[in-house]
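Asker: For our numbering, count along the sequence shown from 1 and bump the result up by 262.
So that we are looking at the same thing, I have put the structure below in structure tokens.
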Amino acid sequence: MLAYLNPDGNLGDDRDRKRRRGISLARQDSELMSRISGELDPTARALLDPILAKWARPGMNNPDDPESPTGDIEDATLDRAALAAAAARDTRSAAQRNHDAFSAIFRALLETGVLGRHRGLPVTAIITMTLDQLEKAAGGLATTASGGLLPLEDALTLAEHAHPVLVLFDHSGRPLRLGRRRRLANADQRLALIAADGGCTRPGCAAPASLCAVHHVTDWQKGGGTDIDNLTLACDACHAQVNDGSAGWNTTSTRTDSEFPGRTEWIPPPQIDPTRAPRINHRHHPGELIEHARASKTRGQSLHRTERGAG
């Protein structure tokens, strides 16, 4: 059959392999799991095989075994003995060992710092949680700068080996003043914005913070300072739409007596909304949408009871 289907004996066209290569990562499902699928070209496979041969071997990088070896286990007899003992306890499937190896590789890669910087910050996992969640240390979800969700217990486990960064907020959820006299925001200001805004602040945009630039609410050229209360996040596509042209959006901040004080309002151009009513993006603050839905339901029930009583 092989001779019939492929009589010339070629392994395939290199253009076909380049076309087929790819890895896709699906959105998180209801259990926060993410399905991964794809095809590796021969070079990527040749590079991956020796890594998994070591990092995914039985007993290695087992998150369910506190004594499971990690890193280099070939230098000491004690480490090899520990690996043999861990392998005897290891009940994971090959697929599960591969998964845990990938997780360990990602952690090691981020800790080395070889990935450099992205949008002014070191390439690392940035996780946001509330003080109430931190004090309870159980239940609930933390968020990541890339728009992902993480069980709080897992977030605290990651934090045990992370460089601590504390961002303080006022009672409205806005970061306290972090200002500077230069045009570009610094790393501390970007971290504060990631925690406060969660992503692009243009209404309806779901771009996570990792894909956003820092935007001056009042433009720098118009006297807007690089202070935390004049900074917000905007993805590149939305950022480009802020201009003084007839089709441009404008940005401002809500007043202190607003329902959402200190938040960024986006004012649409007349062709989108002739009234140019300011809008706020709630996509990265699901709690606000939930509270709004609850309040609307309560008002509806109250109105229904009033109408029934009047009848």
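Ideal Cβ placement from N, Cα and C applies to all residues, glycine included.
(1) When the Cα of T513 is compared with those of D489, P465 and N268, which residue comes out closest?
(2) Apart from the five residues on each side of it in sequence, which residues of its chain come closer than 7 Å, Cβ to Cβ, to H501?
(3) So, with DSSP's three-state summary, where would you put T514?
(4) Does the segment 400-417 come close enough to the segment 343-360 to have 3 or more Cβ pairs within less than 8 Å?
(5) Using DSSP's beta-bridge definition, name the partner residues of A404.
(6) Between the C-alpha atoms of R319 and V376, what's the straight-line distance to the nearest angstrom?
(7) Can the beta-carbon of A509 be found less than 8 Å from the beta-carbon of Q533?
(8) Quick one: Cα of K639 to Cα of S296, how far?
(9) So is L371 in contact with chain D if we call contact Cβ pairs under 8 Å?
(10) My understanding is that G461 touches H546, with C-beta atoms under 8 Å, so please give their C-beta distance in whole angstroms.
(11) Restricting to Cα atoms, I'd like to know which of S515, R517, I529 and I490 is closest to N505.
(12) Do E553 and P540 count as a contact pair if the criterion is CB distance below 8 Å?
(13) Within the same chain, show all residues whose beta-carbon is closer than 7 Å to that of A288, passing over the 5 residues directly before and after it, in chain order.
(14) What's the C-alpha gap between P531 and T537?
(15) Whose C-alpha, out of G507, I490, A370 and S472, is nearest the C-alpha of V246?
(16) How big is the Cα-Cα spacing for I389 and A457?
(17) Go through the segment 455-543 residue by residue and report every complete run of the beta strand (DSSP E) that reaches 3 residues or more, in order.
(18) Would you please state the rounded distance, in angstroms, between the beta carbons of A349 and G321? I believe it to be under 8 Å.
(19) Between the alpha carbons of A468 and I313, how many angstroms are there, rounded?
(20) Taking just the CA atoms, how far does T386 sit from P523?
(21) Does the distance from the C-beta atom of M391 to that of L411 stay below 8 Å?
(22) What residue from T305, A496 and G402 has the CA that sits closest to G262's CA?
(23) Please check the pair A363 and N323, which I expect to be a contact at CB under 8 Å, by giving their CB distance rounded to whole angstroms.
(24) Report yes if the C-beta distance between L345 and P325 is below 8 Å; otherwise report no.
(25) Excluding five sequence neighbours on each side, which residues of the same chain lie with their C-beta closer than 6 Å to the C-beta of G284?
Answerer: Looking at the coordinates:
(1) Here residue 513 refers to the residue found at position 251 of the sequence shown. When each option's Cα is compared against that of T513, the closest is P465.
(2) Locating residue 501 in the sequence shown gives position 239, where the first residue counts as 1. Excluding sequence neighbours, H501 sits near A475 and H477.
(3) If you number the sequence shown from 1, residue 514 lands on position 252. It is a strand residue.
(4) no
(5) Along the sequence shown, one-based indexing puts residue 404 at 142. Its beta-bridge partners are L412.
(6) By 1-based counting over the sequence shown, the position of residue 319 is 57. By 1-based counting over the sequence shown, the position of residue 376 is 114. Answer to the nearest angstrom: the Cα atoms are 25 Å apart.
(7) Walking along the sequence shown from the start, residue 509 turns up at place 247. Walking along the sequence shown from the start, residue 533 turns up at place 271. Cβ distance < 8 Å, so A509 and Q533 count as in contact.
(8) As displayed, the chain neither begins before 263 nor continues past 573, which places residue 639 out of reach and without an answer.
(9) Among the chains in the structure shown there is no chain D, since it carries only a single protein chain.
(10) As a working note, residue 461 is residue 199 in the sequence shown. As a working note, residue 546 is residue 284 in the sequence shown. The pair is a contact, with the Cβ atoms about 4 Å apart (cut-off 8 Å).
(11) By one-based count along the sequence shown, residue 505 stands at place 243. The shortest C-alpha separation from N505 is found at I529.
(12) As a first step, residue 540 is located in the sequence shown; it is residue number 278 there, counting from the start. As a first step, residue 553 is located in the sequence shown; it is residue number 291 there, counting from the start. Going by C-beta atoms, P540 is not nearer than 8 Å to E553.
(13) Residue numbering aside, residue 288 sits at position 26 when the sequence shown is read from its first letter. Taken in chain order, the residues that qualify are S296 and R297.
(14) Counting from one through the sequence shown, the residue named residue 531 turns up at place 269. Counting from one through the sequence shown, the residue named residue 537 turns up at place 275. Cα to Cα, the separation comes out at about 9 Å.
(15) Nothing can be reported for residue 246: it is not among the residues displayed for the chain, which extend from 263 to 573.
(16) Position 127 of the sequence shown holds residue 389. Position 195 of the sequence shown holds residue 457. Cα to Cα, the separation comes out at about 8 Å.
(17) 474-478, 493-497, 512-515 and 526-529
(18) To locate residue 349, count along the sequence shown from 1; it is residue 87. To locate residue 321, count along the sequence shown from 1; it is residue 59. 3 Å between Cβ atoms; contact.
(19) The residue you call residue 468 lines up with position 206 of the sequence shown. The residue you call residue 313 lines up with position 51 of the sequence shown. Each residue's alpha carbon lies about 35 Å from the other.
(20) On the sequence shown, position 261 is the one that residue 523 refers to. On the sequence shown, position 124 is the one that residue 386 refers to. Answer to the nearest angstrom: the Cα atoms are 30 Å apart.
(21) As a working mapping, residue 391 is identified with position 129 in the sequence shown. As a working mapping, residue 411 is identified with position 149 in the sequence shown. It is not a contact, given that the beta carbons lie outside the stated cut-off.
(22) Since the displayed the chain opens at 263 and closes at 573, residue 262 lies outside it and no answer follows.
(23) Taking the first residue of the sequence shown as 1, we reach residue 363 at position 101. Taking the first residue of the sequence shown as 1, we reach residue 323 at position 61. Their Cβ separation, rounded to whole angstroms, is 6 Å, which keeps A363 and N323 in contact under 8 Å.
(24) Here residue 345 refers to the residue found at position 83 when the sequence shown is read from its first residue. Here residue 325 refers to the residue found at position 63 when the sequence shown is read from its first residue. No, Cβ-Cβ distance for L345 and P325 is not below 8 Å.
(25) Looking up residue 284 in the sequence shown gives position 22. Taken in chain order, the residues that qualify are G300.
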